[in-house]
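Shown next, in the form of structure tokens:
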């Protein structure tokens, strides 16, 4: 009789241990999926040269997958004269040095903050928490 009880307790504790380990693996998978998706979005934004249509597409795709993507693109363009290489504010229409209208926009320090919010859920104990992956697109 004693062996039966010891076996039952051992099997019960082993089952609880396996369940807890499976939940930890599930949490790690959810976190890794969010990190991989964040890396994909940062690569897409960088390769499109910060195109607003691509950023909107990434936000829509993240929302469809159950994530929330926030992109802070606060970089402001500068202008440069193609004749004399004078740098000027973005609102300038003609070069103040040579009077040329051949001006092009460029971004010297282009940085964009990309934040992906995701939910971690543990259905066995009913726990749900929010995680955030932060990064920069350059």
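Numbering (our numbering), first residue to last: 199 to 336.
The beta-carbon is built from N, C-alpha and C at its ideal position, and this holds for glycine as well.
Going by Cα to Cα distance, which pick from the options is closest to residue i?
i, options, result
"residue 338", "325, 242, 326, 236", "Past the edges of the chain, shown from 199 to 336, lies residue 338, and the structure says nothing about it."
"residue 298", "309, 277, 269, 211", "277"
"residue 333", "309, 325, 318, 207", "309"
"residue 240", "229, 252, 295", "252"
"residue 244", "265, 229, 271", "271"
"residue 228", "336, 327, 255", "327"
"residue 318", "248, 231, 207, 200", "231"
For residue i, count the other beta carbons within 10 Å of its own beta carbon; 16 or more makes it buried, fewer makes it exposed. Which is it?
i, result
"residue 282", "exposed"
"residue 314", "buried"
"residue 212", "exposed"
"residue 203", "exposed"
"residue 293", "buried"
Considering residue i, what are the terminal residues of the alpha helix (DSSP H) in which it resides?
i, result
"residue 231", "200 to 245"
"residue 296", "Per DSSP, residue 296 belongs to no alpha helix (DSSP H) and is neither H nor E."
"residue 315", "From DSSP, residue 315 is part of no alpha helix (DSSP H) but of the beta strand (DSSP E) over 310 to 320."
"residue 284", "Neither: residue 284 is in no alpha helix (DSSP H) and is coded neither H nor E."
"residue 257", "250 to 262"
Got a sec, what are the start and stop residues for the beta strand (DSSP E) residue i sits in?
i, result
"residue 270", "266 to 270"
"residue 329", "325 to 335"
Would you please state the rounded distance, in angstroms, between the beta carbons of residue i and residue j? I believe it to be under 8 Å.
i, j, result
"residue 320", "residue 217", "Not a contact, Cβ separation roughly 11 Å."
"residue 324", "residue 316", "No, residue 324 and residue 316 are not in contact; Cβ-Cβ is about 18 Å, not under 8 Å."
"residue 267", "residue 256", "6 Å"
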